[in-house]
Amino acid sequence: AVQNMRTVRAFVAEAWTIEFYTGYVNRTVSGASRGAIVTGLAYGTSTCMMFLAYAAGFYYGGYLIEEQGVGFQAMLQSLMAVMLGSIGVGNALAFVPDLDDAKVAAHDVLEILDTESKINAVRPTGSVEKMGDGSIEFKSVYFQYPTRPDVAILKGLSFRVESGQQVALVGPSGGGKST
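In this note's numbering, the protein residues as written are 1467 to 1645.
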């Protein structure tokens, strides 16, 4: 609507356009705000826990230095090893939910790689199986974008293109040509 502002003004549709876009923006902001609050709380909590762990480590390290005779360097090395190891484990655990998806993806890739080709790439002669006659047909195609389910882009689109035929799709902006 911004790039077609003259058209919007010509149809005196400014109020409708503002209301239309405000509705979409508000829905997006509403969902994003909840996500931002949850993310902020989780990040704040995890950062707080990390600093509390450092504080507890230094407190216990001070006790070991004072009461057990442990050297400062040994205490600091031990504390850093434990803390950095914990951070590494925490970062690695963040990817655990993706492991199943990774296994499925790896299986699919290996399945494709193991597929025997019908074409012998080594021989200079050979035949390729013909797949269809080169024509394509669309029958009663309906489509709307998930973000705008109330607006149908394609409404029962049907046509056939024969092999070698050229076709042009013509229509107004936003009419579904690219779709």
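Glycine included, each C-beta is placed from N, C-alpha and C at the ideal position. Just so we're clear, the structure is a prediction, and the values are computed from it rather than from any experiment.
Considering only the beta carbon of each residue, do residue i and residue j sit closer than 8 Å?
i: Phe1609; j: Ile1619; result: yes
i: Val1474; j: Thr1488; result: no
i: Tyr1520; j: Met1549; result: yes
i: Leu1545; j: Gly1523; result: yes
Does residue i come out as helix, strand or coil in the three-state DSSP assignment?
i: Lys1584; result: coil
i: Thr1505; result: helix
i: Ala1568; result: helix
i: Met1597; result: coil
i: Gly1641; result: coil
i: Arg1589; result: coil
i: Val1548; result: helix
i: Phe1561; result: coil
i: Gln1631; result: coil
i: Ala1479; result: coil
i: Gly1535; result: coil
i: Val1636; result: coil
i: Asn1470; result: coil
Counting only the same chain and skipping the five closest in sequence on each side, list residues whose C-beta sits under 6 Å from that of residue i.
i: Phe1625; result: Phe1604
i: Lys1577; result: Going by the sequence as given, residue 1577 is Glu instead of Lys. Contacts found: none.
i: Gly1642; result: Ile1619, Leu1620
Pull up the CB-CB distance for residue i and residue j, whole angstroms please, since I reckon it's below 8 Å.
i: Asp1599; j: Ser1629; result: 6 Å
i: Val1627; j: Val1633; result: 5 Å
Below 8 Å CB to CB, which residues in the same chain sit around residue i once its five sequence neighbours on both sides are set aside?
i: Asp1580; result: none
i: Asp1616; result: Gln1610
i: Val1536; result: Gly1527, Leu1530
i: Leu1542; result: Gly1527
Could you tell me whether any Cβ in chain C is nearer than 8 Å to the Cβ of residue i?
i: Val1474; result: The question asks about chain C, but that chain is absent: this structure has only one protein chain.
Below 7 Å CB to CB, which residues in the same chain sit around residue i once its five sequence neighbours on both sides are set aside?
i: Ile1622; result: As written in the sequence, residue 1622 is Gly, which differs from the Ile given in the question. Excluding positions up to five away in sequence, the list reads Ser1606, Tyr1608.
i: Phe1538; result: Ile1531
Item to check | Complete runs of the beta strand (DSSP E) confined to the stretch 1600-1628 [at least 3 residues] | outcome: 1602-1609, 1620-1627
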